[in-house]
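The structure appears below as structure tokens.
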Amino acid sequence: MKLNLDDLYYRIRTDYSFKKRLRKIVLLGGVTVILISLLSIVALFFFSSAIISFLFAHVPGLFEIGFNYVRGFASSFVQEDLTAILNSFGAGANVNEMKNLVNQYFNQLSSNTAIDFQNFSNFISTVKNSLMDNQITTTELDLVKKLILN
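Here it is in structure tokens:
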């Protein structure tokens with residue numbers, strides 16, 4: 002079956018019912034394409050966090066790539082948050098030492114590219130665990146020091 006464009010063009014110009022059917026088909030096709038694209042955008046908007054979570058859970062290297070890309074940007078905010086939390090503890094000896102260790106770690110993080118996501122995650126979880134019980138012990142300080150020296 003060969004498509005003859007001259008015959009098609011002639012039929013569009015002369016046959017009103019064919020023109021009407023063709024207009025309907027084109028209109029329905031256009032509306033369908035617009036509807037599918039709108040639904041895709043809405044689905045992407047609503048499920049983007051689920052999609053990102055799925056990707057991070059099933060693609061192991063994605064954390065490393067994301068961490069290396071936002072290392073400088075995110076680390077300043079995390080450092081500010083940890084410092085603010087530590088300021089609420091008062092001025093104890095262990096609190097001041099923990100503040101110094103946090104500042105030292107984030108200075109290392111910005112300058113040392115050898116610090117990977119696993120080390121960063123371990124550091125954050127260690128500091129978080131030491132803050133959860135509302136006291137900072139010397140053992141927790143030693144754990145944080147080990148992460149800084151590595």
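Each residue of the sequence shown is one higher than the last, beginning at 2 in my numbering.
Even for Gly, the Cβ is constructed at its ideal location relative to N, Cα and C.
By the CB criterion at 8 Å, Gln109 and Ile149 fall inside the cutoff. Lys100 is the residue among Asn113, Val60, Lys100 whose C-alpha sits nearest the C-alpha of Lys129. In the DSSP assignment, Gln119 falls within the unbroken alpha helix (DSSP H) covering 118 to 133.
Contact check for Tyr106 against Phe78 fails: the beta carbons are separated by 8 Å or more. Here Arg12 has Phe19 as same chain residues with Cβ atoms under 6 Å from its own Cβ, once five neighbours each way along the sequence are excluded. Between Thr139 and Asn88, the beta carbon gap of about 20 Å keeps them out of contact (Cβ cut-off 8 Å).
Between Phe118 and Phe64, the C-beta gap is smaller than 8 Å, which places the two residues in contact. A distance below 8 Å separates the beta carbons of Gln80 and Val103. Minimum Cα-Cα distance from Arg72 among the listed residues Asp143, Asp8, Ser112 corresponds to Ser112. Secondary structure note for Gln105: its alpha helix (DSSP H) is the uninterrupted segment 94 to 112.
For Asn5, there is no enclosing alpha helix (DSSP H), since its DSSP letter is neither H nor E.
In this structure, DSSP gives Gln136 a state outside helix and strand, which the three-state scheme calls coil. Here Asp82 carries a helix assignment [DSSP, helix/strand/coil].
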